[in-house]
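So the sequence shown is residues 1 to 629, counted in UniProt numbering.
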Amino acid sequence: MGYKDVYAKWQSDPEAFWMEAAEAIDWDVKPSKALDDSKAPLYEWFTDAKVNTCYNAVDRHVEQGRGEQTAIIYDSPITGTKRWISYNELRNRVATLAGALRAKGVEKGDRVIIYMPMIPETLEAMLACARIGAVHSVVFGGFASNELAVRIDDAKPKAIIAASCGLEPGRVVHYKPLLDGAIDLATHKPDFCVIFQRENEVAELTPGRDVNWHGFQYGVEPADCVPVEGNHPAYILYTSGTTGQPKGVIRPTAGHLVALNWTMKNIYNVDPGDVFWAASDVGWVVGHSYITYGPLVHGNTTIVFEGKPVGTPDAGTFWRVISEHKVKSFFTAPTAFRAVKREDPKGEFIKKYDLSCLKTIYLAGERADPDTINWAHEKTGLPIIDHWWQTESGYPMVANPMGIEHLPVKVGSPSVAMPGYDVQILDEAGNPMKPGELGAIAIKLPLPPGTLPGLWNAEDRFRKSYLTTFPGYYETGDAGMIDEDGYLYIMARTDDVINVAGHRLSTGGMEEVLAAHPDVAECAVIGVTDQLKGQLPVGFLCLTTGVNRPHDEIVSEAVKLVRDQIGPVAAFKLAVVVDRLPKTRSGKILRATMVKIADSEDFKMPATIDDPAILDEIRDALKTIGLAK
């Protein structure tokens, strides 16, 4: 069956489609039906089932005779450590940790915050919570105290599991003082904290509250898996903490298992036993879905990587890890590839490693510009598959389903809607738009299994954020178009569509043109306020390593490119060269903050920013062209 047949099969009978996909999961009580629409427009899936995530991710593989297979490969170029953990070993470690949490009073439905770096113990903490039916909320390690405090007050955890520190190239991130600061700030106080002491920094424990990771597990009874209801939250993941209160996205247990397991073969084309590597962080949704749960539920080997695409030690790190650990499918963010391309534009490092094991490279997390895709394809000779999804969806909404059919790649498009997703382009009044027209991307309800059924303790906010603008649809917050072949093009966040003298233009389209300039390694375009035209675009250009031409020459060439390819209507006249762009830790460019700086408005420092010093660099650069006064 090709893609069209599979998609049509879902369309004609969604109930049967998802019940069939559910057969790949080991249930304690099988679901009698897939969709529960009794509370529409709030939908749930497999609600009458009983199941345990940890059993499906760990124990069943041991019981099926695959206990000796490697479950987790840990590779840390920062500490120079490598470890291989089998499914047998993983089961024993997780059962003991779960037993220790239970002995301290953590039960089904209790929340546990996990604040840890990229080490195998982080995955063990997630799985241990799942084992006893506790709801985990992973907060990106190194998040500031205030941000962590907000999440403590929202989730009200019984326990917090943290590490003494995280490691970045050349510096230690002191987690424990940040955790102490957060607990001081928070109104809610956890009953206890479990601290994993790393060799690089041993933290001081607070008497009466903190317990040592190893010490508190000593002599406990390992815990069995606790079956939970199909709609029981597996975890809460907070998103969009850049403005106001972060949103706690809920991930329902049963739908999450069914959907993720389906994607591993159908989208990522891996079979049980294959090595799968998502080079992300467990603090983000990609890490939840494709470092921890997806690969393990499907019986793959997953890689936990503690390092960076460049600088640990060089731009060949990705290729070393892939070659050494025999990775079959590799998934990273476009920003990581841009960093590699900037350091190694000719792809010299790629030639040093045997990459014959690697079959496909997947990109997601932000718009993948054609230039980066073409570079990666040219240098590796492999299919580069862009795909699109959100924290809220938990897995790809639009993709090229490599395990079903390798569809033609259209560079600049993440390809086509996956089963479960009826993706439409709507105008401001909510009417469907014609192929090729730019509008809001919305998904017809109900959303498929595993997607968010709501926000943690915030139903009104959930309705307002996602369901109100276009009744009967989920609002994605992205803008784009669909072509005649059904391929989606994501042009920008809805608020990145700028209005220049009445013309709606996508900043993403302009970025695409700029990125094609041979000297430009990375770029961003924002819309700044203009009294005459409403908004004007401004470009920021980061140059490829080794380029030493006059900046004004490169700027004028870039301006000409946009005028030639988009036309004078874009009114693109302003651009500056900068060393780097402000980004979140997951690699998203903070365009909204850059707009506020350009327009000389006050702004709140984004919680997720990687390096706040970059904002001053942006301000100084903008002043050279008469902005940010």
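Think of the CB as a built atom: it goes at the ideal place given N, C-alpha and C, for glycine as much as any other residue. On a predicted model such as this, the values are computed, not experimentally measured, just so you know.
- prompt: Of all the beta strand (DSSP E) runs that stay within the bounds of the stretch 225-291, which reach a length of 3 or more residues?
  reply: 233-239, 247-252 and 275-278
- prompt: By Cβ distance, which residues of its chain are closer than 6 angstroms to threonine 243, with the 5 residues on each side in sequence left out?
  reply: For this step, residue 243 is matched to residue 243 along the sequence shown. Confidence in threonine 243 is poor, its pLDDT being 44 and thus under 50, which makes the residue's placement unreliable; the coordinate value appears in the next sentence. None.
query: In the structure shown, what three-state DSSP assignment does tryptophan 18 receive?
result: Within the sequence shown, the letter at position 18 stands for residue 18. Helix at tryptophan 18.
query: When you compare each of Lys108, Arg83, Glu124 and Tyr87 to threonine 96 by their alpha carbons, which one comes out closest?
result: Residue numbering aside, residue 96 sits at position 96 when the sequence shown is read from its first letter. Checked all of Lys108, Arg83, Glu124 and Tyr87; the closest Cα to threonine 96 is Glu124.
- prompt: What number of angstroms, rounded off, separates the C-alpha of proline 77 from the C-alpha of threonine 312?
  reply: In the sequence shown, the residue the question calls residue 77 occupies position 77. In the sequence shown, the residue the question calls residue 312 occupies position 312. Those two C-alpha atoms are separated by around 6 angstroms.
query: Around the C-beta of glycine 219, are 16 or more other C-beta atoms found within 10 angstroms, so that it is buried, or is it exposed?
result: Position 219 of the sequence shown holds residue 219. Exposed, because fewer than 16 other Cβ atoms sit within 10 Å of the Cβ of glycine 219.
message: Please classify methionine 605 as buried or exposed, where buried requires at least 16 neighbouring CB atoms within 10 angstroms.
response: Your numbering for residue 605 matches position 605 in the sequence shown. Methionine 605 is exposed by the Cβ-count criterion.
query: From what residue to what residue does the beta strand (DSSP E) around tryptophan 84 run?
result: Locating residue 84 in the sequence shown gives position 84, where the first residue counts as 1. Residues 81-86.
- request: Starting from alanine 130, trace the alpha helix (DSSP H) both ways and give me its first and last residue.
  value: The residue given as residue 130 occupies position 130 in the sequence shown. Here the alpha helix (DSSP H) through alanine 130 covers 120-132.
query: In terms of DSSP beta bridges, what is aspartate 36 paired with?
result: Numbered from its first residue, the sequence shown carries residue 36 at position 36. Aspartate 36 pairs with Glu44.
- request: Run the CB neighbour count on tyrosine 232, radius 10 Å, all protein chains shown included, and call it buried at 16 or more, exposed below.
  value: On the sequence shown, residue 232 is found 232 positions in, with the first residue counted as 1. In the sequence under discussion, the amino acid at residue 232 is histidine, which differs from the tyrosine named in the question. By the neighbour-count rule (16 or more Cβ atoms within 10 Å), histidine 232 is buried.
query: How is the beta strand (DSSP E) around methionine 418 delimited, first residue to last?
result: Mapped onto the sequence shown, residue 418 falls at position 418. Run containing methionine 418: none; DSSP gives neither H nor E here.
field: Given 8 angstroms, three or more beta-carbon pairs between the stretch 317-327 and the stretch 172-183
entry: no
Same chain, Cβ closer than 6 angstroms to valine 29, neighbours up to 5 away in sequence not counted: As a position in the sequence shown, residue 29 is number 29, starting the count at 1. Same-chain partners within the cutoff: Ala49 and Lys50.
message: Buried or exposed for serine 12, going by 16 or more other Cβ atoms inside 10 Å?
response: As a first step, residue 12 is located in the sequence shown; it is residue number 12 there, counting from the start. Exposed.
Beta-bridge pairing of arginine 171 - partner residues as DSSP gives them: Mapped onto the sequence shown, residue 171 falls at position 171. Paired residue(s): Glu168.
message: The alpha helix (DSSP H) that contains phenylalanine 337, what's its start and end?
response: Here residue 337 corresponds to residue number 337 of the sequence shown, with the count starting at 1. Start and end: 334-343.
- request: Step through the CB atoms of chain C and report whether any lies within less than 8 angstroms of the CB of isoleucine 443.
  value: The question asks about chain C, but that chain is absent: this structure has only one protein chain.
- request: Taking tyrosine 87 and glycine 67 to be in contact with their CB atoms under 8 angstroms, please state how far apart those CB atoms are, rounded to whole angstroms.
  value: Within the sequence shown, numbered from 1, the residue matching residue 87 stands at position 87. Within the sequence shown, numbered from 1, the residue matching residue 67 stands at position 67. At roughly 5 angstroms, the Cβ-Cβ gap stays under 8 angstroms, so tyrosine 87 and glycine 67 are in contact.
message: Taking the alpha carbon of proline 550 as the reference point, which residue from Asp519, Lys573, Asp271 and Glu617 has its own alpha carbon closest?
response: To locate residue 550, count along the sequence shown from 1; it is residue 550. Answer by Cα proximity: Asp519.
- prompt: What's the gap between the Cα of isoleucine 73 and the Cα of proline 471?
  reply: Position 73 of the sequence shown, counted from the first residue, corresponds to residue 73. Position 471 of the sequence shown, counted from the first residue, corresponds to residue 471. Whole-angstrom Cα-Cα distance: 45 angstroms.
message: Which of the three DSSP states is assigned to tyrosine 3 in this structure?
response: Mapped onto the sequence shown, residue 3 falls at position 3. In this structure, tyrosine 3 counts as helix in the three-state DSSP scheme.
8 angstroms Cβ cutoff met for glutamate 44 and proline 309: Residue numbering aside, residue 44 sits at position 44 when the sequence shown is read from its first letter. Residue numbering aside, residue 309 sits at position 309 when the sequence shown is read from its first letter. It is not a contact, given that the beta carbons lie outside the stated cut-off.
- prompt: In its own chain, which residues sit with a C-beta less than 6 angstroms from the C-beta of glutamate 475, not counting the 5 before and 5 after it?
  reply: One-based indexing of the sequence shown puts residue 475 at position 475. Answer for glutamate 475: Ala442, Tyr466 and Thr469, listed in chain order.
task: Alpha carbon to alpha carbon, how far is proline 419 from valine 6? Give it in angstroms, no decimals.
output: Looking up residue 6 in the sequence shown gives position 6. Looking up residue 419 in the sequence shown gives position 419. Approximately 7 angstroms, taken between the alpha carbons.
message: Suppose you measure from the CA of isoleucine 385 to the CA of methionine 402; what does that come to, to the nearest Å?
response: Within the sequence shown, the letter at position 385 stands for residue 385. Within the sequence shown, the letter at position 402 stands for residue 402. Approximately 9 angstroms between the Cα atoms of the pair.
Reduced DSSP secondary structure (H/G/I, E/B, other) of aspartate 153: Here residue 153 refers to the residue found at position 153 when the sequence shown is read from its first residue. DSSP places aspartate 153 in helix when its eight states are reduced to three.
field: Same chain only: Cβ atoms within 7 angstroms of alanine 103, ignoring 5 sequence neighbours per side
entry: Along the sequence shown, read from residue 1 onward, the residue named residue 103 stands at position 103. Cβ within range, chain order: Val220.
field: Reference cysteine 54; option with closest CA among Ala278, Gly294, Leu541 and Val576
entry: On the sequence shown, residue 54 is found 54 positions in, with the first residue counted as 1. Per the Cα distances, Gly294.
query: What is the C-beta distance between arginine 585 and lysine 247, in whole angstroms, given that I count them as a contact (C-beta under 8 angstroms)?
result: Locating residue 585 in the sequence shown gives position 585, where the first residue counts as 1. Locating residue 247 in the sequence shown gives position 247, where the first residue counts as 1. In fact, because the Cβ distance is near 18 angstroms, the residues do not count as touching under 8 angstroms.
- prompt: Can the beta-carbon of isoleucine 498 be found less than 8 angstroms from the beta-carbon of glycine 477?
  reply: What you label residue 498 is simply residue 498 of the sequence shown in a count that begins at 1. What you label residue 477 is simply residue 477 of the sequence shown in a count that begins at 1. Cβ atoms of isoleucine 498 and glycine 477: not closer than 8 angstroms.
task: State the Cα-Cα distance for the pair residue 631 and tryptophan 456, rounded to the nearest angstrom.
output: Given that the chain is displayed from residue 1 to residue 629, the structure contains no residue 631 and the question cannot be resolved.
message: Please identify the residue among Phe540, Thr451 and Leu90 whose C-alpha is closest to the C-alpha of leucine 42.
response: Taking the sequence shown and counting its residues from 1, one reaches residue 42 at position 42. Per the Cα distances, Thr451.
- prompt: Counting only runs that start and end within the stretch 391-479, where is the alpha helix (DSSP H) found for 4 or more residues in a row?
  reply: 459-462
- request: Would you identify the three-state DSSP class for leucine 615, choosing helix, strand or coil?
  value: As a first step, residue 615 is located in the sequence shown; it is residue number 615 there, counting from the start. The answer is helix: DSSP assigns leucine 615 an H, G or I state.
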